[in-house]
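Chemist: Sending over a structure as structure tokens; questions will come in a sec.
Numbering (our numbering), first residue to last: 13 to 280.
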């Protein structure tokens, strides 16, 4: 049973990585549930099943939470047990649940969640979602900095640098791409404003540019670069160099797909 007190440290049973791990698993659990609902609900938005968007968000946010849980375990034990670090975990978990709950509610109502200003409530919720999205990528930066500043003794340098660069680069590239996309009132650039003929699984449109493509690559730098650092520690003599090269390629991929989308060109 998890216990918590308002002291500088929390109980050994109240570890931030456990909180994030459990939150991520709970979120992913809703993915198959949403899929089953989609089989019996034929309603559509943007010419695709109304539940496809929540399903993608459950998968993405769940993976994000599990990644941060994995990363948090590399913070020095004494620092990791501090109440302030545990609060970061709670804020991240609450924000993720809030975002997904609203997405699910809007899907159930047959309404858009993003770029919806039809009512005062939906306008306020869209603004709140924007704040929540920043929190979802900002807290991982703080956790990444804590890992780099206070790593566990056995941590290797490739993973340490990979976590730092993955969190920071993922944050800034996502902020740029998502910030631009939020001002365009849609992810389409040119082509037909429909998701009916999108790529399998990801759903990226093929009739024009799609700003979700660079958004995808930007956000998932937070997973990809730490994984590359983890692998580089085991198979390369200069793991930090591998991480720097991978980070450069990753940012280049974000920039390339962003410019590609702005030109109205499909990813494939």
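Virtual Cβ for every residue (Gly too), placed ideally from N, Cα, C.
All of these numbers come straight from a predicted model, not from anything done at the bench.
1) Who are the Cβ neighbours of residue 89 in its own chain at under 8 Å, not counting the five residues just before and after it?
2) Report, in whole angstroms, the separation of the C-beta atoms of residue 178 and residue 276, which I expect to be a contact under 8 Å.
3) Could you confirm whether any beta carbon from chain C is found closer than 8 Å to the beta carbon of residue 154?
4) If I'm right that residue 363 touches residue 168 with Cβ under 8 Å, what's the distance once you round it to whole angstroms?
5) My output table needs one value for residue 280: the three-state DSSP class, helix, strand or coil.
6) Using the rule of at least 16 other Cβ atoms within 10 Å of the residue's Cβ for burial, across every protein chain shown, is residue 216 buried or exposed?
7) Of the choices 91, 74, 126 and 63, whose alpha-carbon is the least far from that of residue 106?
8) On the criterion of 16 or more Cβ atoms from any shown chain inside 10 Å, does residue 135 qualify as buried, or is it exposed?
9) Specify the secondary structure class of residue 37 as computed by DSSP and reduced to three states.
10) Under 8 Å between the Cβ atoms of residue 236 and residue 255?
11) Starting from residue 255, follow the alpha helix (DSSP H) in both directions and report where the run begins and ends.
12) Do residue 278 and residue 220 have their CB atoms nearer than 8 Å?
Modeler: If we stick to the structure as given:
1) 164
2) Going by Cβ atoms, the distance from residue 178 to residue 276 rounds to 30 Å, so no, they are not a contact pair.
3) Of the protein chains in this structure there is only one, and it is not chain C.
4) Summary: the structure shown does not reach residue 363, with the chain confined to residues 13 through 280, and so no result is reported for it.
5) coil
6) buried
7) Of the listed residues, the one whose Cα sits closest to residue 106 is 74.
8) exposed
9) Helix, per DSSP.
10) Taking 8 Å as the Cβ cut-off, residue 236 and residue 255 do not qualify as a contacting pair.
11) 251-274
12) Against a cut-off of 8 Å, the Cβ pair of residue 220 and residue 278 comes out as a contact.
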